[in-house]
Amino acid sequence: MKDLSNLKKQIAIHEGYEPRVYKCTNGYDTIGYGFAIKDLVMDREVADLILDGKINNIIKSIGNHDDWSE
27 MKDLSNLKKQ IAIHEGYEPR VYKCTNGYDT IGYGFAIKDL VMDREVADLI
77 LDGKINNIIK SIGNHDDWSE
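Shown next as C-alpha cells:
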C-alpha cells in the first residue's frame, strides 16, 4: 500500500482538527479533520473504541470500583 502520511499531513494542515462538532463553511455539522457528519458511516471497530474511551473516562471520573465486575 502506498505511504499516505504526507497526504494526511497536508489534509490535517489544510482542514485543521476539531474534536467537537462544528458548522463548516457550507453549514454542515462537521468533526475531526473536516468530516461532514452527514457523510460518515461508523465502523463497529470505531464505535467500540469510542465506547471503551467513554467507559474509561467515566471510571476515572468517579473512581475505580472493583465490585462492578461481579
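Residue numbers (this note's numbering): 27 to 96.
For glycine and all other residues, C-beta sits at the position ideal for the given N, C-alpha and C.
Discussion item. Given this structure, state the Cα-to-Cα distance separating Y48 from I57, to the nearest angstrom.
Written reply: 6 Å
Discussion item. Is the separation between the beta-carbon of D55 and that of K64 shorter than 9 Å?
Written reply: Result yes, Cβ atoms of D55 and K64 sit closer than 9 Å.
Practice prompt. Reducing DSSP to helix, strand and coil, say where D29 ends up.
Written response: coil
Practice prompt. My understanding is that G117 touches C50, with C-beta atoms under 8 Å, so please give their C-beta distance in whole angstroms.
Written response: Nothing in the structure corresponds to residue 117, since the chain is present only between 27 and 96.
Discussion item. Tell me which residue opens and which closes the beta strand (DSSP E) that G58 is part of.
Written reply: 55-58
Worksheet item: Helix, strand or coil for V47 per DSSP?
Response: strand
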